[in-house]
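Take 541 as the starting number for the sequence shown in this note's numbering and just add one per residue.
We put the CB at the ideal spot given by N, CA and C, even for glycine.
Just so it is clear, the structure is predicted and the values come from calculations on it, not from any experiment.
Working notes, structure below.
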Amino acid sequence: MRKSATGTVAPAGTQAAAGKLTAGQHEVLIESVVGENDGLLDSDGNPAVSLRQMVRCVYPDGSAKNHQVANIADLLPQLVNQLRGRFGVVEVQIASAPAELKAGASVKVEV
């Protein structure tokens with residue numbers, strides 16, 4: 541099992557799927573991106589730098605999940621694991637992904 545800041549996702553088939561995805565392309569929406577230190581100041585009074593982002597994603601069934609990641613490359617494996625765990629799909633491929641984390645962007649996946 542893979543452990544991450546978002547919890548542990550059981551491998552596909554080890555728990556009942558919450559829903560079913562039909563074969564084809566689906567979209568995961570990046571609803572919001574908030575830096576871990578947004579709104580905070582460092583010891584010099586400057587805006588604090590955020591190394592990680594809290595990214596809220598909306599999955600094809602309308603469910604939402606927050607993921608704590610540094611960049612889009614960190615997010616993609618977490619999306620795949622969520623799709624496997626939530627829908628029981630085994631094969632998930634990223635069809636397209638944005639170049640950077642940005643609210644309103646979408647990740648397209650093939651199942």
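Per-residue DSSP class, three states only, for residue i
i, result
"Thr-546", "Note that Thr-546 scores a pLDDT of 46, beneath 50, so its modelled location is shaky; the value from the coordinates is reported in the next line. If DSSP states are grouped into helix, strand and coil, Thr-546 belongs with coil."
"Leu-591", "coil"
"Ala-645", "coil"
Inter-residue Cα distance where the pair is residue i and residue j
i, j, result
"Val-651", "Gly-628", "11 Å"
"Val-649", "Glu-567", "6 Å"
"Ser-544", "Asn-586", "In this prediction, Ser-544 scores a pLDDT of 41, lower than 50, which makes its location untrustworthy; the coordinate-derived value is nonetheless stated afterwards. About 30 Å."
"Val-647", "Ile-612", "10 Å"
"Thr-546", "Ala-610", "Caution is warranted here: a pLDDT of 46 is assigned to Thr-546, below 50, making its placement in the model unreliable, and no coordinate value can be reported."
"Leu-561", "Ala-639", "26 Å"
"Gly-652", "Ala-643", "The requested residue 652 is not part of the displayed model; the chain covers only 541 to 651."
Closest Cα partner of residue i within the set the options
i, options, result
"Glu-571", "Ala-588, Asp-584, Lys-560 and His-607", "His-607"
"Ala-563", "Asn-621, Pro-600, Lys-605 and Ala-588", "Pro-600"
"Ala-588", "Gly-625, Lys-605, Asp-578 and Val-573", "Asp-578"
"Pro-652", "Ser-603, Ser-583, Ala-645 and Ala-637", "Because the chain is modelled from 541 through 651, residue 652 falls outside the range shown and cannot be assessed."
"Val-573", "Ala-639, Ala-604, Gln-593 and Ile-634", "Gln-593"
"Glu-576", "Gly-559, Ala-604, Arg-596 and Ile-634", "Arg-596"
"Asp-614", "Leu-641, Val-598, Ala-635 and Gly-602", "Leu-641"
Residue environment, residue i, which counts as buried when at least 16 other CB atoms sit within 10 Å
i, result
"Leu-619", "buried"
"Gly-625", "buried"
"Leu-591", "exposed"
"Leu-580", "exposed"
Beta-carbon proximity check, residue i vs residue j, cutoff 8 Å
i, j, result
"Leu-510", "Val-632", "This structure leaves residue 510 out entirely; the chain is present only between 541 and 651."
"Gln-565", "Ala-635", "yes"
Check: residue i C-beta below 7 Å from any heavy atom of the ligand PLP
i, result
"Asn-606", "Of the ligands one can find in the structure shown there are none, so the ligand PLP has no counterpart to examine."
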